[in-house]
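Protein sequences, first through last, are from chains D and E. With the first letter of the first sequence counted as 1, position 208 gets the number 208 in the UniProt record's numbering; the numbers rise by one all the way through. With the first letter of the second sequence counted as 1, position 340 gets the number 340 in the UniProt record's numbering; the numbers rise by one all the way through. In this text, a Cβ means the ideal position worked out from N, Cα and C, and glycines have one as well.
Number of protein chains: 2
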Amino acid sequence: MSAKKLLILPGDGIGVEVMAQVRRIIDWLGKRRKIEFDLSEGLIGGSAYDVHGTPLADETLADALAADAVLLGAVGGPKWDNLPFDKKPERGLLKIRKEMGLFANLRPATVFDALVDASTLKPEIVAGLDIMILRELTGGLYFGQPRGIETLPDGSRRGVNTLVYTTEEVRRIGRVAFELARKRNKRVCSVDKANVLECTVLWREEMVKLQREEFPDVELSHMYVDNAAMQLVRNPKQFDVMVTENTFGDILSDCAAMLTGSLGMLPSASLGAADENGRRRALYEPVHGSAPDIAGKDIANPLATILSFAMCLRYSFDMEAEADLIETAVKTVLKGGLRTGDIMQPGKAKVSTTVMGEAVVRELDKIG
Amino acid sequence: MSAKKLLILPGDGIGVEVMAQVRRIIDWLGKRRKIEFDLSEGLIGGSAYDVHGTPLADETLADALAADAVLLGAVGGPKWDNLPFDKKPERGLLKIRKEMGLFANLRPATVFDALVDASTLKPEIVAGLDIMILRELTGGLYFGQPRGIETLPDGSRRGVNTLVYTTEEVRRIGRVAFELARKRNKRVCSVDKANVLECTVLWREEMVKLQREEFPDVELSHMYVDNAAMQLVRNPKQFDVMVTENTFGDILSDCAAMLTGSLGMLPSASLGAADENGRRRALYEPVHGSAPDIAGKDIANPLATILSFAMCLRYSFDMEAEADLIETAVKTVLKGGLRTGDIMQPGKAKVSTTVMGEAVVRELDKIG
Ligand SMILES: [Mg+2]
Ligand SMILES: [Mg+2]
C-alpha cells in the first residue's frame, strides 16, 4: 500500500505553532511505528493571501482534492479584517470545504477526567462524557433556495431562507451516522422537529428506512430539537451519536462543546462523499480559532489539533491503534498535571505549546 | 375602573388541582387587598371534548377573546390519545393561541435560592439566575410558506419549510422585548444568525432601527444563535432579556428552562397585539404539562401555575406589588423547606399540592 497523502495547512495565528506539535507526532509515527505519510504543506487564509493574493490558491485546492486527508490549523486575524469580502481568510476555509464537498461535520464532545472541573456542569453530569454530534454541513436552512430580502410594495421588507432536504441528502448523512455508531456504541439519535416541520418529517422517515435497510444492527431513536437541547443539559451522557440538520447541528454542537468547558481541547472532522474505494475526502481541524491575540507566543494549546490528527488516523486511515495511542498519551499528560494557559487550574503546571507537544511525544515513547 | 375579566381554563390532568390553588390566591387578593376580578371558568382540552365533543368550544373561545387575561392549566392525557387529529386536546391549545393572536411567548428562567441544587450546573453559575427569553410565536420557520414534501420525477422526495419575517413582525416582537427590558434591567440581546441567514439580517436591522427610534434608553446587543446556546451554558447570568425567532426561541427557552433544573417551577406568558388602549390579549400557563400519571393524587407542584398568575398580575393588570408579594411568598415557602415530590430534596418536608397552596396563602397573610 502506498503512503497516504496528507496535506497540512497550518493557516494563521496559533495555527502555525499548534501544527508544529502535530509534526512531532508524525515524526514519532515514522520512527517508532514505521508509518510514513506522503506529506505536503500549503497556505490558507491570511498567510495565503499575503503570498498569493488569495486566501486559497488554485494549486493548494488541487492538492487538497488529491489528498487522502487535509489537516488544518485555523485562519483569520486583524491584519486581514479590512480585506474585501472574497479575499478574507474565512473565504478560503469556506471554499475548501465547499470544493471538497464536505457534507458531514463530526463534532465530538469529550470530557477528560483531568479537566472535569473546567465544566460549568457538575462533575457527575459530565465526567466521562463522550458523545459525537454529526451535523449536516452543506444543506438545510443555511443553503436552501430561495433566500434573500425583498422590498414589498408598501416599502416594508420581507426576509426569507429555506430549509430543504432531499431523500439522497438525508440518506448520505444518515449513512455516516450509522457507520460512526458502528465504531462506537451502536446508538444513533436523530434530532428533528417532525411534530412541526415537514422537511424534518422527511428527514425522520428516511432515517427510519435507511436503518431498516442497511443498519439493522444499530439502534435508532428520535428526539425533537428543543428537547435535545434540554437533554444535553440534563443528562448528556445518555447519547452516543446524534445526527441532525445543519442549523440544529450548529446550535447543538456548540452547546455540547461548552458542556466540556474546554474549547481548546476539541477536535473536529468534516467528511465528503465516499468514492468507489470507500475513501471519503476529509478535513480535520480544531474547533478553536486562530486566536491572534496569543499567536507567536508559544502559549496556545496544541491538544485540539493533535486530537484532530488522531481523528484523521481513525476515520481516514483506519489506524485505530495509533489514534488510541495518541488519545491515551494526551489523557496521561493531562493527568500528570501539565496545562496550557487556557485550561490552567490551581496546583497544576503551566507549560508552553512546545513543552505540551514534547510531553505528548514522551508519553508516546513510553506506551507506543 | 371595572373589574378585570379573568378566564380560568384548568384543562386536564393536574391542571385542575394546581388551578385550585390559584383560586386560593385569588380569594386572598379579594379579602386582603380588595381586588376583585370578573371571574369565569371554562373547559379546554380533553375535558372540553368529553362535554362538548371538541377540545375548544366556540363559546369558550369567545370568552377568551373577551377576557383581559386567560389563565390555563394544562391539556392532554392517554384517555384522548386515540382521538382524530382535530379533536385532540392539544388542538384546543393551539387553536386558542392562534385565535388570540399570541405572537410573543415569554419564558422566564429563574432559579430560587432554595432550589439552586436542583440544577445540573454548578451553584455559582445559576444562583440568582433571572433571565427572560422572548420567543416569536406565530411566524418564522414553524409557520412560513411554502412548506411540505413533494415527490420528484425520479421517485425521491424533497421536504421544504420556509423561514420568513416581515418588517412588521420583527418590530412588534421587538417592542415587546424592549418594553419587558424597561420593567427589568434595560438590556435586550437579540439572537439571530445574521452571518448566514438573510432573514435574520432583516431581523437584526429592524431591531437596530426600532431601538434607535423608540427605545434609546434600552441597551441592545446581538448574538449568533450557536453562540447563544454556548453562553447559556457558560454564563447564563450575563443576559437580561433575549429575543429571538420562533424555532431558535423554542430551542433556547427549553435549554434555559433546564438550566434551572426545576421545570415544575416555571411559568410562561403569551401576548398578542396591543389594542387602542394598550391592552394586549394574554394567556398565562405553566411550562409543565398535564402529567396524567400523577393527576388527581394531590401531589403535583402548583407553584408554576401560581407564578403564571403572578405574571398575569404583572403584565396584564399592572399589579406589580401583588405580583411581587406572590413571588416573595413562594420563595419564603421554599426557604422554609416545603417541597412537592418533583422538587423534593433530602432533609426537606414533602407536602401535597393543597398544603403547598395553603402555605403560600399563609405566607401572604404574613407579608401582604
Ligand atoms: Mg457554530
Ligand atoms: Mg419546546
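Chain D contact residues for residue i, given Cβ-Cβ distances below 8 Å
| i | result |
| --- | --- |
| residue 293 (chain E) | Result: empty, since nearest Cβ-Cβ is about 18 Å, beyond 8 Å. |
Contact check, residue i vs residue j, beta carbons under 9 Å
| i | j | result |
| --- | --- | --- |
| residue 241 (chain E) | residue 312 (chain E) | no |
| residue 117 (chain D) | residue 261 (chain D) | yes |
| residue 233 (chain D) | residue 259 (chain D) | yes |
| residue 329 (chain D) | residue 285 (chain D) | no |
| residue 115 (chain D) | residue 265 (chain D) | yes |
| residue 164 (chain D) | residue 243 (chain D) | no |
| residue 8 (chain E) | residue 23 (chain E) | yes |
| residue 183 (chain E) | residue 224 (chain E) | no |
| residue 37 (chain E) | residue 62 (chain E) | no |
| residue 99 (chain E) | residue 69 (chain E) | no |
| residue 367 (chain D) | residue 325 (chain D) | yes |
| residue 208 (chain E) | residue 187 (chain E) | no |
| residue 125 (chain E) | residue 227 (chain E) | no |
| residue 220 (chain D) | residue 171 (chain D) | no |
| residue 354 (chain E) | residue 19 (chain E) | no |
| residue 144 (chain E) | residue 162 (chain E) | yes |
| residue 230 (chain E) | residue 303 (chain E) | no |
| residue 32 (chain E) | residue 365 (chain E) | yes |
| residue 199 (chain D) | residue 160 (chain E) | yes |
Residue i: contacting residues in chain E (beta-carbon distance under 8 Å)
| i | result |
| --- | --- |
| residue 254 (chain D) | 226, 227, 229 and 230 |
| residue 257 (chain D) | 230 |
| residue 168 (chain D) | 156 |
| residue 233 (chain D) | 120, 121, 233, 255, 258 and 259 |
Where residue i sits in the DSSP three-state scheme
| i | result |
| --- | --- |
| residue 177 (chain D) | helix |
| residue 222 (chain D) | strand |
| residue 37 (chain E) | strand |
| residue 357 (chain D) | helix |
| residue 192 (chain E) | strand |
| residue 105 (chain D) | strand |
| residue 268 (chain E) | strand |
| residue 76 (chain E) | coil |
| residue 295 (chain E) | coil |
| residue 146 (chain E) | strand |
| residue 89 (chain D) | helix |
| residue 289 (chain D) | coil |
| residue 240 (chain E) | coil |
Cβ neighbours of residue i in the same chain (closer than 8 Å, five flanking residues each side left out)
| i | result |
| --- | --- |
| residue 35 (chain E) | 29, 319 and 322 |
| residue 101 (chain E) | 138, 272, 273 and 281 |
| residue 268 (chain D) | 105, 106, 107, 108, 284, 285, 286, 287, 308 and 311 |
| residue 246 (chain D) | 135, 136, 137, 138, 139, 140, 141, 142 and 143 |
| residue 204 (chain D) | 190, 192, 194 and 222 |
Beta-carbon neighbours of residue i, restricted to chain E and to distances below 7 Å
| i | result |
| --- | --- |
| residue 250 (chain D) | 226 |
Residue i Cβ short of 8 Å to ligand 3 heavy atom set
| i | result |
| --- | --- |
| residue 227 (chain E) | Ligands displayed in this structure: ligand 1 and ligand 2; ligand 3 is not among them. |
Per-residue contacts from residue i into chain E (C-beta, under 9 Å)
| i | result |
| --- | --- |
| residue 203 (chain D) | 159 |
Sequence-distant residues of its chain with Cβ nearer than 6 Å to residue i (five each side left out)
| i | result |
| --- | --- |
| residue 55 (chain D) | 45, 48, 49, 89, 91 and 92 |
| residue 157 (chain E) | 149 and 151 |
| residue 249 (chain D) | 135 |
| residue 108 (chain D) | 132 |
| residue 10 (chain E) | 16, 19 and 73 |
| residue 348 (chain D) | 337 and 339 |
| residue 253 (chain D) | 107, 133 and 135 |
| residue 215 (chain D) | 178 |
| residue 169 (chain E) | 139 |
Own chain partners of residue i with C-beta closer than 7 Å, once the 5 adjacent residues on each side are dropped
| i | result |
| --- | --- |
| residue 344 (chain E) | 350 |
| residue 291 (chain E) | 13, 14 and 300 |
| residue 263 (chain D) | 257, 287 and 288 |
| residue 67 (chain E) | 5, 6 and 7 |
| residue 120 (chain E) | 261 |
| residue 352 (chain D) | 298 and 299 |
| residue 414 (chain D) | Since the first residue of chain D shown is 1 and the last is 368, residue 414 (chain D) is not available in this structure. |
| residue 341 (chain E) | 299 and 350 |
| residue 316 (chain E) | 68, 69 and 282 |
Min CB distance residue i to chain C below 9 Å
| i | result |
| --- | --- |
| residue 165 (chain D) | Checking the listed chains, one finds no chain C in this structure; the protein chains it contains are D and E. |
Q | Cβ-based contacts, 8 Å cut-off: residues of the segment 138-163 of chain D near chain E | A | Answer in chain order: 141, 142, 144, 147, 148, 149, 152, 156, 157, 158, 159, 160, 161, 162 and 163.
Q) What residues from the segment 187-221 of chain D come within 9 Å of chain E, judged by C-beta to C-beta, listed N to C? A) Of all residues in the segment 187-221 of chain D, only 193, 196, 197, 198, 199, 200, 201, 202, 203, 205 and 206 come within less than 9 Å of chain E when Cβ atoms are compared, listed by chain position.
Q. Listed from N- to C-terminal order along the chain, which residues in the segment 114-126 of chain D have their beta-carbon within a distance smaller than 7 Å of any beta-carbon of chain E?
A. Of all residues in the segment 114-126 of chain D, those with a C-beta nearer than 7 Å to a C-beta of chain E are 120, 121, 122 and 125, reading in chain order.
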